[in-house]
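Reading through the structure tokens given below for one structure.
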Amino acid sequence: ILMAEPISAFAQSLAATPRLSAMPPAQMRIIVAMRIAVLARKKRQDAKPYLVKQLGDEIAAGHFAHIIELMGDCWPEPMAVHRPCCQQTSHDEILVLDLTTAVVQRQPEHFHGLIGEMIGRSDRQKLHLVFAKFVSRFKR
116 ILMAEPISAF AQSLAATPRL SAMPPAQMRI IVAMRIAVLA RKKRQDAKPY LVKQLGDEIA
176 AGHFAHIIEL MGDCWPEPMA VHRPCCQQTS HDEILVLDLT TAVVQRQPEH FHGLIGEMIG
236 RSDRQKLHLV FAKFVSRFKR
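Mapping of the sequence shown onto the working numbering: position 76 corresponds to residue 191, and the numbering continues sequentially without gaps.
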């Protein structure tokens, strides 16, 4: 019988994601919106009323719902999110924050580099456009 070796503290720290409570409010709102949108998509429900409340703008909510729809269609695996009340964050949730940040900072190369190995160019371009529309309306 082979026993798995314990994971070192260093390896655990490399795999760790920040807690929701340690994030700035705008980032928390984006992650909770993502969780709501992914859950609603799985249950085939309309998330828009909840997204409007979370994101502060009806048009931003529509763009964000479109982001989640596109990601759901082109992501190589189902998006990994936690329940809305969970303090832990997933790697997909952090990736959405990183993609949002790349768009806010006008760094399209970084945006495409973050997802270039898992999503084709056409889908990356579509996602970049919708992220840009979202950040232009998101009330920080």
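For glycine and all other residues, C-beta sits at the position ideal for the given N, C-alpha and C.
If we count the other Cβ atoms within 10 Å of its Cβ and call it buried at 16 or more, is residue i buried or exposed?
i, result
"A195", "exposed"
"E208", "buried"
"M186", "buried"
"T132", "exposed"
"H197", "buried"
"R144", "buried"
Hey, how far is the Cα of residue i from the Cα of residue j?
i, j, result
"A155", "M138", "24 angstroms"
"C201", "A247", "28 angstroms"
"E224", "E184", "23 angstroms"
"G171", "G177", "11 angstroms"
"P193", "L242", "16 angstroms"
"Q222", "G231", "14 angstroms"
"W190", "Q142", "21 angstroms"
"T204", "L135", "6 angstroms"
"G235", "D161", "28 angstroms"
"R252", "Q220", "15 angstroms"
"K254", "L214", "17 angstroms"
With distances taken between CB atoms, is the gap from residue i to residue j smaller than 9 angstroms?
i, j, result
"V211", "M149", "yes"
"F226", "R239", "yes"
"A175", "A152", "no"
"V245", "I146", "no"
"E173", "K163", "yes"
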